[in-house]
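First comes the structure, then the notes that go with it.
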Amino acid sequence: MGVLEGQTAFITGASRGIGRAIALAFAREGAAIAAAARSLDLLEELCRQITSTGGKAIPVQMDLCSEESIKQAVAKARSELGRIDILVNNAGVLKLHRITDTSAEVWDEIMTVNVRGVFLTCREV
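Just so you know, the working numbering puts 107 at position 112 of the sequence shown, and the rest follows in order with no gaps.
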């Protein structure tokens, strides 16, 4: 029995990189996983990998730029997995430009995903 047995984790940015690694590690420790990101095909692949080894995972397509998308994603996770015990706000945007070369649109996208999206996801969970 893993240390996360009986708990559910909602993980943003779970389709690749650190988010994917966290989802796999939490699943190995017994957590049910709500894997959230924009890339549904990558989420489905991750969830197949988790369920093929006896774990429980669902893909949850979500856009952190959309409050409605976040609400729907959290509602889907609760509907299919029950309460959410753990939130990992892993998703983020990083666009490396000198400040003098950064447009207001790029700045707005960074703030929307990295600040507003985190706030909205915390609030919904």
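Glycine included, every Cβ here is placed at the ideal spot set by N, Cα and C.
Under 8 angstroms by Cβ, that's how I've got residue i and residue j pegged, so tell me the actual separation to the nearest angstrom.
i, j, result
"residue 31", "residue 9", "6 angstroms"
"residue 59", "residue 86", "6 angstroms"
"residue 33", "residue 56", "7 angstroms"
"residue 88", "residue 63", "With 8 angstroms as the limit, residue 88 and residue 63 do not qualify as a contact, their Cβ atoms being about 19 angstroms apart."
Would the beta-carbon of residue i fall within 8 angstroms of that of residue j?
i, j, result
"residue 7", "residue 84", "yes"
"residue 26", "residue 3", "yes"
"residue -2", "residue 40", "no"
Of all the options the options, which has the alpha carbon lying nearest to the alpha carbon of residue i?
i, options, result
"residue 76", "50, 16 and 104", "50"
"residue 170", "98, 81, 48 and 90", "No answer is possible for residue 170: it lies beyond the span of the chain, which begins at -4 and ends at 120."
"residue 38", "28, 79, 12 and 54", "54"
"residue 21", "56, 71 and -4", "-4"
"residue 29", "78, 106, 97 and 88", "78"
"residue 16", "1, 33 and 42", "42"
"residue 116", "104, 67 and 88", "67"
"residue 5", "107, 69, 45 and 94", "69"
"residue 65", "105, 46, 111 and 91", "111"
"residue 35", "11, 48 and 46", "11"
"residue 106", "47, 61 and 46", "61"
### Task
Can you check the stretch 7 to 68 for any alpha helix (DSSP H) of at least 4 residues that lies completely inside it and give the ranges in chain order?
12 to 23 and 35 to 47
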